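Chemist:
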Amino acid sequence: MNKVDKSQINRLRKFIPYVFLFSITLITQNIYLNIETIEWDIASYLIATQDIKSGLLPNETQWESKGPVFIYLYFLLSNFAKGSLVTFKLLNDVILFFTSVFLFELLLKKLDNKIISISGSTLFLLLMSQSWALSGYSELYALFFISLAILIITKFRYSNPHYFYVGISLSIATLINQGTAIFIIPILISEYILNNKKNYFLKIVIMSAGILIPHIVFLIVYSINNLLDIYIATFLTIPFAYIQAQYANVYELTVFFRELAEINFYVYLSIITLVLLSLSNLITSSYLKYKNEFFDLYNQLIFFSLIFYFVGSHNYYHHLIFLLFFIQFLLFKFLNNKQKFFFSVVVLFGLLSNLNTSMEKSLNNLNNLSYIQNEYPLYNLSKEIDSYFQGDYDVLAFDYNLILYYLDKKNYSYIVHPSNHYEEDIIQVLKNLGKLEENYIEKLIDSEPDVIICNPRMIIRGEPVQLNKLFNCEVSDYKKNYIKLDTRKYLIDKNLNYYFDPYKEISVFVKR
Numbered sequence: 000m001n002k003v004d005k006s007q008i009n010r011l012r013k014f015i016p017y018v019f020l021f022s023i024t025l026i027t028q029n030i031y032l033n034i035e036t037i038e039w040d041i042a043s044y045l046i047a048t049q050d051i052k053s054g055l056l057p058n059e060t061q062w063e064s065k066g067p068v069f070i071y072l073y074f075l076l077s078n079f080a081k082g083s084l085v086t087f088k089l090l091n092d093v094i095l096f097f098t099s100v101f102l103f104e105l106l107l108k109k110l111d112n113k114i115i116s117i118s119g120s121t122l123f124l125l126l127m128s129q130s131w132a133l134s135g136y137s138e139l140y141a142l143f144f145i146s147l148a149i150l151i152i153t154k155f156r157y158s159n160p161h162y163f164y165v166g167i168s169l170s171i172a173t174l175i176n177q178g179t180a181i182f183i184i185p186i187l188i189s190e191y192i193l194n195n196k197k198n199y200f201l202k203i204v205i206m207s208a209g210i211l212i213p214h215i216v217f218l219i220v221y222s223i224n225n226l227l228d229i230y231i232a233t234f235l236t237i238p239f240a241y242i243q244a245q246y247a248n249v250y251e252l253t254v255f256f257r258e259l260a261e262i263n264f265y266v267y268l269s270i271i272t273l274v275l276l277s278l279s280n281l282i283t284s285s286y287l288k289y290k291n292e293f294f295d296l297y298n299q300l301i302f303f304s305l306i307f308y309f310v311g312s313h314n315y316y317h318h319l320i321f322l323l324f325f326i327q328f329l330l331f332k333f334l335n336n337k338q339k340f341f342f343s344v345v346v347l348f349g350l351l352s353n354l355n356t357s358m359e360k361s362l363n364n365l366n367n368l369s370y371i372q373n374e375y376p377l378y379n380l381s382k383e384i385d386s387y388f389q390g391d392y393d394v395l396a397f398d399y400n401l402i403l404y405y406l407d408k409k410n411y412s413y414i415v416h417p418s419n420h421y422e423e424d425i426i427q428v429l430k431n432l433g434k435l436e437e438n439y440i441e442k443l444i445d446s447e448p449d450v451i452i453c454n455p456r457m458i459i460r461g462e463p464v465q466l467n468k469l470f471n472c473e474v475s476d477y478k479k480n481y482i483k484l485d486t487r488k489y490l491i492d493k494n495l496n497y498y499f500d501p502y503k504e505i506s507v508f509v510k511r
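As numbered in numbering that gives the first Met the number 0, residues 0 to 511 make up the sequence shown, in order.
See below:
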């Protein structure tokens, strides 16, 4: 074999970890691609992009609780998907893949061991293969940029100019999900410990410039368009009200890990192995090393990802996404090859177990991409609704926002997400800003939009709630110029929802 052949083989070998991670991403993320809705958040985010399509700013006529960059990113991906929810889901897989690549590069830089680095990245992907994680949450988008920032710090810690790019990445993350500002704190702490005062000040000034510039740009743009009040409310007022709700608790965290053990015991065992081995190694460390470990950036990120979950306050599993990523940094604490080998073997068993249950179904979904959306029940319901109209028409949706996405229409309501209609803290802030009227739901219905979509019952924080105290969903009972569509075939369709909700209905009313 000549030198040219060897160099080509070596170049190909460099791509093996990335091809492996991409394959694992595709297989583990698409087992439920045939299910139309796993979480309703994603549909609401898609509708929030309608403002951008109309040449407006995010939250101008369609309000969502996330940062403006998140809505712009959703707009770009949905525009590329050209109305295909299936394509949009696959594009989210690409974001997850690159995030796993950043993790691999981080681990490889610190450990100089491809096997253990690929094992850590694989464990992250396996954790993200749970049903609740197969969605385009803002946490995943923010994690993409936070992990990029940490990778830059890890590779270029002694290059001060690179901290400007760290700041830009962190700024984008906070403009996606406001709560991720918390991850700036561990960077400030670790840099203070590692640098003398002069160098620390210089790095922080450079990083702060990167953080502030995007925020200043958005503040100016929203101010020019007389939307600074809603921008500040979305970025500060409402999130602070949200975190004061205090719903999160340790018990729900134990429930998460118990469910993980039931889904894939080896993945659960991998986490236990990570935690126990790293703790045992830490306990046997000297005081000086223990002190250094406490202020270590990677340990701080794990700690603050736990804080993020509890500050989030609502026991939503997607608030754990940062922890599932940063917990892989415990691999840095492994002392010998035996520990690393044991961990890699357990992860391998977890991967094989996952592939055994998901590969056939995932490959079947991936081989039938052109047919999947045609089997989505809400997609077919949207076509039935559209058949009643020749020209333009309005749609007021209190639920099932995917119908709006398929119809490429704004929501007649300023609030987009179904559950936000019942969050009193949000409602009060928007009323104070003049964005909502008193009894706005009744007034929206009384204005008689062409289509009204609602649901008489909803599960709110685990409890079924009758919504008739807020409004009467049976519109055709008191407005005789509306007809109610028969939606039973869509409701019982096995492809409608991953989580079965016995209390839900699909009530659709069309004005004659």
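Beta carbons are placed, not taken as given, at the ideal position from N, Cα and C, and that holds for glycine. All values derive from a computational prediction rather than experimental measurement.
Quick one: what's Y481 bridged to in DSSP?
Modeler: Y481 is bridged to K510.
Chemist: For F163 versus I205, is the C-beta distance shorter than 8 Å?
Modeler: Their beta carbons are under 8 Å apart, which means F163 touches I205 by this criterion.
Chemist: Taking the continuous alpha helix (DSSP H) assigned at V220, which residues delimit it?
Modeler: K196 to I223 is the span of the alpha helix (DSSP H), which, as asked, contains V220.
Chemist: Run through the region 79-126 for me and flag every whole alpha helix (DSSP H) of 4 or more residues, listed as ranges in chain order.
Modeler: Fully enclosed alpha helix (DSSP H) runs of 4 or longer: 84-110 and 113-126.
Chemist: What do you get for L72, buried or exposed, if any count of 16 or more other CB atoms within 10 angstroms of its CB means buried?
Modeler: Classification for L72: buried.
Chemist: What do you get for D398, buried or exposed, if any count of 16 or more other CB atoms within 10 angstroms of its CB means buried?
Modeler: Looking at its Cβ environment, which holds 16 or more other Cβ atoms inside 10 Å, D398 is buried.
Chemist: DSSP has L395 in a bridge; who is on the other side?
Modeler: L395 pairs with I451.
Chemist: Could you tell me the alpha carbon to alpha carbon distance between I192 and H214, rounded to whole angstroms?
Modeler: Near 28 Å, if we compare the C-alpha coordinates of H214 and I192.
Chemist: I175: buried (16+ other C-beta within 10 angstroms of its C-beta) or exposed?
Modeler: So I175 ends up on the buried side.
Chemist: Can you give me the start and stop residues for the alpha helix (DSSP H) that N420 sits inside?
Modeler: Looking at the sequence shown, residue 420 is not Asn but His. It is not in any alpha helix (DSSP H) - H420 carries neither H nor E in the DSSP assignment.
Chemist: Does Q177 pass the burial test, meaning 16 or more other C-beta atoms within 10 Å, or should it be called exposed?
Modeler: So Q177 ends up on the buried side.
Chemist: Go ahead and label Q389 buried or exposed: buried means 16 or more other beta carbons lie within 10 angstroms of its beta carbon, across all protein chains shown.
Modeler: It counts as exposed.
Chemist: Can you grab the Cα-Cα spacing for the pair F143 / I37, in whole Å?
Modeler: Distance between the alpha carbons of F143 and I37 is about 22 Å.
Chemist: Report yes or no: do the region 79-97 and the region 46-59 share at least 3 C-beta pairs separated by less than 8 Å?
Modeler: These segments do not touch.
Chemist: Taking buried to mean at least 16 other C-beta atoms within 10 Å of its own C-beta, is P160 buried or exposed?
Modeler: Classification for P160: exposed.
Chemist: What do you reckon, are the CB atoms on L395 and S412 nearer than 8 Å?
Modeler: In this structure, S412 lies closer than 8 Å to L395 by Cβ.
Chemist: Rank G135, L110 and V18 by C-alpha distance to the C-alpha of L76 and give the top, closest one.
Modeler: Measuring from the Cα of L76, the nearest candidate turns out to be G135.
Chemist: Start and end of the alpha helix (DSSP H) containing G349?
Modeler: Residues N336 to N366.
Chemist: Quick one, which of D449, Q28, L278 and N494 has its alpha-carbon nearest S475's?
Modeler: Checked all of D449, Q28, L278 and N494; the closest Cα to S475 is D449.
Chemist: Less than 8 Å separating the beta-carbons of I114 and F303?
Modeler: Cβ atoms of I114 and F303: not closer than 8 Å.
Chemist: Would you say Q299 and L133 are within 8 Å of each other, going by their C-beta atoms?
Modeler: No. Outside cutoff.
Chemist: Taking I210 and S170 to be in contact with their CB atoms under 8 Å, please state how far apart those CB atoms are, rounded to whole angstroms.
Modeler: That belief holds up - the Cβ atoms of I210 and S170 are roughly 4 Å apart, short of 8 Å.
Chemist: So, helix, strand or coil for N496, using DSSP?
Modeler: Three-state result, N496: strand.
Chemist: Between which two residues does the alpha helix (DSSP H) harbouring H161 extend?
Modeler: Start and end: H161 to T173.
Chemist: Along the chain, where does the alpha helix (DSSP H) that runs through Q372 open and close?
Modeler: Segment: none, Q372 is in no alpha helix (DSSP H) and carries neither H nor E.
Chemist: Which residue's Cα is closest to the Cα of F103: F234, F14 and S418?
Modeler: Ranking F234, F14 and S418 by Cα distance to F103 puts F14 first.
Chemist: Output needed for T153: all residues of its chain with C-beta closer than 8 Å, excluding positions within five of it in sequence on either side, in chain order.
Modeler: Excluding sequence neighbours, T153 sits near L105, K108 and K109.
Chemist: Quick one: Cα of L305 to Cα of S506, how far?
Modeler: The alpha-carbon atoms of L305 and S506 are separated by roughly 40 Å.
Chemist: How about P512 and L495: are their beta carbons less than 8 Å apart?
Modeler: It is not possible to answer for residue 512, since the shown part of the chain is limited to 0 through 511.
Chemist: Can you check which of these residues, Y31, S64 and S99, is closest to Y44 by C-alpha distance?
Modeler: Nearest of Y31, S64 and S99 to Y44, Cα basis: S64.
Chemist: Counting C-beta neighbours from all protein chains within 10 Å, is the total for K81 16 or more, i.e. buried, or is it exposed?
Modeler: Burial call: exposed.
Chemist: How about T179 and A232: do their beta carbons lie closer than 8 Å?
Modeler: Contact flag unset, no.
Chemist: Please state whether DSSP places Q465 in a helix, a strand or coil.
Modeler: In the structure shown, Q465 sits in a strand (DSSP, three-state: E or B).
Chemist: I need the straight-line Cα distance from W62 to V415, nearest angstrom please.
Modeler: Computed Cα separation, rounded: 6 Å.
Chemist: For S369, which of F69, N454, E423 and N33 has the nearest alpha-carbon?
Modeler: Among F69, N454, E423 and N33, the Cα nearest to that of S369 belongs to N33.
Chemist: Is there contact here, the region 426-443 with the region 475-488, by at least three beta-carbon pairs under 8 Å?
Modeler: Counting Cβ pairs under 8 Å, fewer than three are found: no touch.
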